[in-house]
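If you're matching them up, the sequences are chains A and B in order. Here the first sequence is numbered in the numbering used here, starting from 2 and rising by one per residue. Here the second sequence is numbered in the numbering used here, starting from 28 and rising by one per residue. Don't be surprised by glycine CBs; every beta carbon is placed ideally from N, CA and C. Since the structure is predicted, the reported quantities are computational estimates derived from the model, not experimental observations.
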Amino acid sequence: MPLDASDLAALQLTLELALATTLLVVAVGTPIAWWLATTPSRAKPVVGACVALPLVLPPTVLGFYLLLLLGPRGPIGGLTHALGLGSLAFTFSGLLIASVIYSLPFAVQPLQAAFEQVGTAPLEAAAMLRAAPVDRFLRVAVPLAMPGFLAAAVLSFAHAVGEFGIVLMIGGNIPGRTRVLSIAIYDHVEALEYPAAHTLAASLVAVALVALLVLYGIGAQRGGAPMTRMARP
Amino acid sequence: MSAAAGLRVALKFGFPSGFGVDVDLDLPARGVTALFGASGCGKTTCLRGIAGLEPAATGCVALGDEVWLDSARGIAVAPHRRPIGYVFQDSRLFEHLSVRGNLEFGFRRLAPSQRRIAFDDVVPRLGIENLLDRRPPNLSGGERQRVAIARALLTSPRLLLLDEPLAAVDDARKNEFLPYLEGLRDDAGVPIVYVSHLMPEVARLADHLVVLKDGRVVAAGPIGDVSARLDLPLAETDDAGVVVVAQVAEHDPRDVMTRLAIPGGSLWVAQVDRPPGAEVRVQVAARDVSIALVEPRQTSIQNVVAATVTGRRDDEHGRTLLRLSVAGMPLLARVTRRSAMQLDLVPGRAVFAQIKGVAVHE
Numbered sequence: 002m003p004l005d006a007s008d009l010a011a012l013q014l015t016l017e018l019a020l021a022t023t024l025l026v027v028a029v030g031t032p033i034a035w036w037l038a039t040t041p042s043r044a045k046p047v048v049g050a051c052v053a054l055p056l057v058l059p060p061t062v063l064g065f066y067l068l069l070l071l072g073p074r075g076p077i078g079g080l081t082h083a084l085g086l087g088s089l090a091f092t093f094s095g096l097l098i099a100s101v102i103y104s105l106p107f108a109v110q111p112l113q114a115a116f117e118q119v120g121t122a123p124l125e126a127a128a129m130l131r132a133a134p135v136d137r138f139l140r141v142a143v144p145l146a147m148p149g150f151l152a153a154a155v156l157s158f159a160h161a162v163g164e165f166g167i168v169l170m171i172g173g174n175i176p177g178r179t180r181v182l183s184i185a186i187y188d189h190v191e192a193l194e195y196p197a198a199h200t201l202a203a204s205l206v207a208v209a210l211v212a213l214l215v216l217y218g219i220g221a222q223r224g225g226a227p228m229t230r231m232a233r234p
Numbered sequence: 028m029s030a031a032a033g034l035r036v037a038l039k040f041g042f043p044s045g046f047g048v049d050v051d052l053d054l055p056a057r058g059v060t061a062l063f064g065a066s067g068c069g070k071t072t073c074l075r076g077i078a079g080l081e082p083a084a085t086g087c088v089a090l091g092d093e094v095w096l097d098s099a100r101g102i103a104v105a106p107h108r109r110p111i112g113y114v115f116q117d118s119r120l121f122e123h124l125s126v127r128g129n130l131e132f133g134f135r136r137l138a139p140s141q142r143r144i145a146f147d148d149v150v151p152r153l154g155i156e157n158l159l160d161r162r163p164p165n166l167s168g169g170e171r172q173r174v175a176i177a178r179a180l181l182t183s184p185r186l187l188l189l190d191e192p193l194a195a196v197d198d199a200r201k202n203e204f205l206p207y208l209e210g211l212r213d214d215a216g217v218p219i220v221y222v223s224h225l226m227p228e229v230a231r232l233a234d235h236l237v238v239l240k241d242g243r244v245v246a247a248g249p250i251g252d253v254s255a256r257l258d259l260p261l262a263e264t265d266d267a268g269v270v271v272v273a274q275v276a277e278h279d280p281r282d283v284m285t286r287l288a289i290p291g292g293s294l295w296v297a298q299v300d301r302p303p304g305a306e307v308r309v310q311v312a313a314r315d316v317s318i319a320l321v322e323p324r325q326t327s328i329q330n331v332v333a334a335t336v337t338g339r340r341d342d343e344h345g346r347t348l349l350r351l352s353v354a355g356m357p358l359l360a361r362v363t364r365r366s367a368m369q370l371d372l373v374p375g376r377a378v379f380a381q382i383k384g385v386a387v388h389e
């Protein structure tokens, strides 16, 4: 069954959201993961637990608090209002912020595990070869942790594509603006349009499968387990 | 040479485990200094302290007038700003780069004016021309270490630190690898600090010996002096023996032997492929030296020298280690305590030392 215009819009929005989430979450997650992997600080378990929180909370709980924060009466919503940006709730930006927070552990954990596996030995070697700290990070730690980056990107992307509860809370169901695939499927099922729901659902299954194949393919190429290993708490 | 030109290492650090290191050394500006001792005595920690890889270290590290650490004055130069080449025990090649990429890593980070050592000079010297496009996982232990040494040399270091570079090399390959290190000692032109727990390696390579135990220096000095001391842990091992610098005196082609001149006389050894006048390093193990009170005449042993007993140490295993002087040159001899008693081998006694075997390091 072919997709109608509103389903296509939902698909496009979903891919845009997932792509933007992936880029942002890796950008934000990398320094956090590096800090968690290398710090001797006693605050490490606290930060680690906060980052991992979305793993255990129902998405609706997170969505609810984000709605309060970003809504017109929330502290962040109030700030964006005062700046003339309007409320972030029920907008693509709001959705993106929620998606980044929700996907953070899926990027931070594989990155942290990868950085921990790299260890300090190659970085010390780089220091003795005249590389300054940032140079060491970019030219040694990042390339050696590349499987972790790929895992972080694939997991975040797949996760952002499939997210439902948090989207419903913070984004609502505005066609072309916040109506993503998972919401569209829900709508079709509600309306008993099973063939349409099937088409979308099957495409999500395909996306998830491809993402995991890429992940396991990298793992097999490296001769080890798939790069879905989680960091030590 | 003034003391200021050498390497000053005064380091102190404690670890939460209770293990601590406290050393105060003035090392020569030339040649190889071996940091020698059993596992866990603090050798590697010292080396890391010199390189600046132990942030907890306090004290003073300076090469000549270049100060890298002076806690009292608040100076601590970051590791990447110290002109040091460091070869790690586990080579630590970058797995994401080819051998060439590894070699160029440090080289490219030097200003061209600072590059005193050329790529095309180092690569053949370490015999790695054919490895340049290989990846580190496809190299043997010896190949990895040669690449690691070349990589360190290409940063044109003013000091070379080697942490047991032979540890990852197969026993069968060690003898092939040692000439590379000897070449380094003779050509590098910079001081080398070499960590090892194996006396044969040290005897072959080091000019200067520092013996560490439990994080403290128990002896330091020229290897000929330190290796001849009776009061060090070294003296209790089977490897006890002295290292002597000898000169090639003459060859005897008929018997395929070479006469080496030593301070107290000469030693006949299996032919050495070096011209007369060349200096060679000779190791005489204490277990290869026996004692006679009268000059032995009909004996298969080629090398008999007149000596005086200068020291004696009995151990709890019925063995005695004697320190001899051969015209000022020290020699160690291992005999049974019974022999030592029967022959009355006490300091001052004139004896003849029969040297059964000599290891010559060209």
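Task: Beta-carbon proximity check, residue 225 of chain B vs residue 253 of chain B, cutoff 8 Å - done: no
Task: Residues that residue 146 of chain B contacts on chain A, provided the C-beta gap is smaller than 8 Å - done: By Cβ distance, chain A contributes nothing, its closest Cβ being about 14 Å from residue 146 of chain B, past 8 Å.
Task: residue 225 of chain A, DSSP secondary structure in three states - done: Legend: pLDDT at residue 225 of chain A = 48, less than 50; position of this residue unreliable, value from coordinates given subsequently. Of the three classes helix, strand and coil, the one that applies to residue 225 of chain A here is coil, per DSSP.
- [ ] Starting from the N-terminal side, write out each stretch of the alpha helix (DSSP H) that is 4 residues or longer and does not extend beyond the segment 80-166 of chain B.
- [x] 126-134 and 146-152
Task: Separation of residue 207 of chain B from residue 71 of chain B, as counted between CA atoms - done: 22 Å
TODO: Would you tell me roughly how many angstroms separate the C-alpha atoms of residue 93 of chain B and residue 32 of chain B, rounded to the nearest one?
DONE: 9 Å
TODO: May I have a chain-ordered list of the beta strand (DSSP E) segments no shorter than 3 residues that lie completely inside the segment 174-221 of chain B?
DONE: 186-190
Open item on the list: Suppose the cutoff is 6 Å on Cβ atoms and the five residues either side in sequence are ignored; what does the same chain contact list for residue 51 of chain B look like?
Closed with: 37
Task: Neighbourhood of residue 227 of chain B by C-beta, 6 Å cutoff - its chain only, sequence neighbours within 5 removed - done: none
Open item on the list: Would residue 48 of chain A and residue 37 of chain A qualify as a contact pair, given that the criterion is a beta-carbon distance under 8 Å?
Closed with: yes
Task: Candidates B:217, B:180 and B:231, of which the one nearest residue 204 of chain B by Cα - done: B:231
TODO: Please decide whether residue 132 of chain A counts as near chain B, where near means a Cβ-Cβ distance under 8 Å.
DONE: yes
Task: Straight-line Cα distance separating residue 388 of chain B from residue 351 of chain B - done: 22 Å
Open item on the list: If you follow the alpha helix (DSSP H) that residue 45 of chain A is in, where does it begin and where does it stop?
Closed with: 45-57
Task: Short-range partners of chain E found in the segment 100-129 of chain A, where Cβ spacing is below 8 Å - done: Given the protein chain composition of this structure (A and B), no chain E is represented.
Open item on the list: What would DSSP say about residue 138 of chain A, mapped onto helix, strand or coil?
Closed with: helix
Open item on the list: Using the Cβ count rule (16 or more neighbours within 10 Å means buried), how would you classify residue 60 of chain B?
Closed with: buried
Task: CA-to-CA distance, residue 28 of chain A to residue 55 of chain A, given in whole angstroms - done: 18 Å
Open item on the list: Using CA atoms only, rank isn't needed, just tell me which of B:385, B:377 and B:317 is closest to residue 364 of chain B.
Closed with: B:317
Task: For residue 102 of chain A: DSSP bridge partner residues - done: Looking at the DSSP assignment, residue 102 of chain A forms no beta bridge with any residue, so it has no partner.
TODO: Taking 8 Å as the cut-off, decide whether the C-beta atoms of residue 247 of chain B and residue 256 of chain B are in contact.
DONE: no
Open item on the list: Please return the same chain residues whose Cβ sits closer than 6 Å to the Cβ of residue 341 of chain B, not counting the five positions on each side in sequence.
Closed with: 347 and 364
Task: Cβ-based neighbour list, residue 7 of chain A, same chain, cut-off 7 Å, excluding 5 preceding and 5 following - done: 176
- [ ] Let me know the secondary structure DSSP gives residue 194 of chain A once reduced to three states.
- [x] coil
TODO: Compare the C-beta of residue 145 of chain A against all C-beta atoms of chain B and say whether one is closer than 8 Å.
DONE: yes
Task: Close beta carbons around residue 269 of chain B, own chain, < 7 Å, minus the five adjacent residues each side - done: 251, 254, 255, 311, 357, 358 and 359
Task: Neighbouring residues, chain A, relative to residue 137 of chain B (Cβ below 7 Å) - done: 131
- [ ] Please state whether DSSP places residue 375 of chain B in a helix, a strand or coil.
- [x] coil
Task: Neighbouring residues, chain A, relative to residue 127 of chain B (Cβ below 7 Å) - done: None at all; the shortest Cβ gap to chain A is about 14 Å.
Open item on the list: I need the boundaries of the beta strand (DSSP E) containing residue 160 of chain A, first residue and last residue.
Closed with: Premise fails: residue 160 of chain A lies in the alpha helix (DSSP H), 147-163, not in any beta strand (DSSP E).
Open item on the list: Counting C-beta neighbours from all protein chains within 10 Å, is the total for residue 110 of chain A 16 or more, i.e. buried, or is it exposed?
Closed with: buried
- [ ] Establish whether the CB of residue 62 of chain B and some CB of chain A are separated by less than 8 Å.
- [x] no
TODO: With 8 Å as the threshold, decide whether the Cβ of residue 263 of chain B is near any Cβ in chain A.
DONE: no
Open item on the list: Closest to residue 65 of chain B by C-alpha separation, out of B:75, B:213, B:164 and B:241, would be which residue?
Closed with: B:241
Task: Helix, strand or coil at residue 28 of chain B according to DSSP, with G and I counted as helix - done: Note on residue 28 of chain B: pLDDT 39, under 50, position unreliable in the model; no value is reported.
TODO: Evaluate residue 172 of chain B with the Cβ neighbour count: other Cβ atoms within 10 Å of its Cβ, from every protein chain shown; 16 or more gives buried, anything less gives exposed.
DONE: buried
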